[in-house]
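K.L.:
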Amino acid sequence: MSTYEVTRKAIIPAEASEVFPLVNNFRNWTEWSPWEGMDPAMDRDYSGSESGVGARYAWSGNRKAGAGTMEIVESDEPSTIRIRLEFTKPFKSVSPTVFTFAPSGSWTEVTWTMTGENKGIGRVFALFMNMDKMIGRDFEKGLASLRAAVARRQG
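Just so we're aligned: the sequence shown equals residues 39 to 193 in this note's numbering.
Right under this line is the structure:
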């Protein structure tokens, strides 16, 4: 079985307490997630807690957006958020995802990491596609959008 890890970091000019809520509440992901624009007609369902542990989000979109669920399984404000990310389309997989927020003076270093195992058709797909190259660009775009969302909120 092949495994993968994708990690990207960004420095955001704000305290962690200003950045953390944008990740800790799935409703805020529409402000910065790199995948939100892939399907304007995407179905979204929020359930469980509004934010933090137990917050759940499900999506179903076009071929590009796919379908799946996310649930926050750990929320240690303002330093760590762990998410159980499960894709159901285009192929099934579980990808544990972690965001960490580390103070860097009055700024925050945000690290976004996703890990997983390529099984079944995903394993065949991994022979031709590098997950880091494929998803890493999305992470970079998302972190840049997160930085912009924080700046908008700071006014």
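Just so it is clear, CB atoms sit at the ideal spot from N, CA and C, and this is done for glycine as well.
DSSP three-state call for D83: helix, strand or coil?
P.N.:
DSSP places D83 in strand when its eight states are reduced to three.
K.L.:
Count the other C-beta atoms from every protein chain shown that fall within 10 angstroms of the C-beta of Y95, then say buried if there are 16 or more, exposed otherwise.
P.N.:
buried
K.L.:
Considering only C-alpha positions, which residue in the set V91, D83, D114 is nearest to T107?
P.N.:
Closest option to T107, Cα to Cα, is D83.
K.L.:
Below 6 Å CB to CB, which residues in the same chain sit around V136 once its five sequence neighbours on both sides are set aside?
P.N.:
R120, T151
K.L.:
Cα separation between R46 and D170?
P.N.:
10 Å
K.L.:
Per DSSP, R120 is paired with what?
P.N.:
E112, V136
K.L.:
Return the residue from the list G193, S89, R101, A105 that minimises the CA-CA distance to P116.
P.N.:
S89
K.L.:
Distance, Cα to Cα, N62 vs G193?
P.N.:
21 Å
K.L.:
Quick one: what's got a C-beta closer than 7 Å to E53's C-beta in the same chain, skipping five residues either side?
P.N.:
Excluding sequence positions up to five before and after E53, its CB lies within less than 7 Å of the CB of S144, T146, all in the same chain and listed in chain order.
K.L.:
For a test of the three-state rule: what should DSSP assign to G106, helix, strand or coil?
P.N.:
strand
K.L.:
Between which two residues does the alpha helix (DSSP H) harbouring E178 extend?
P.N.:
169–192
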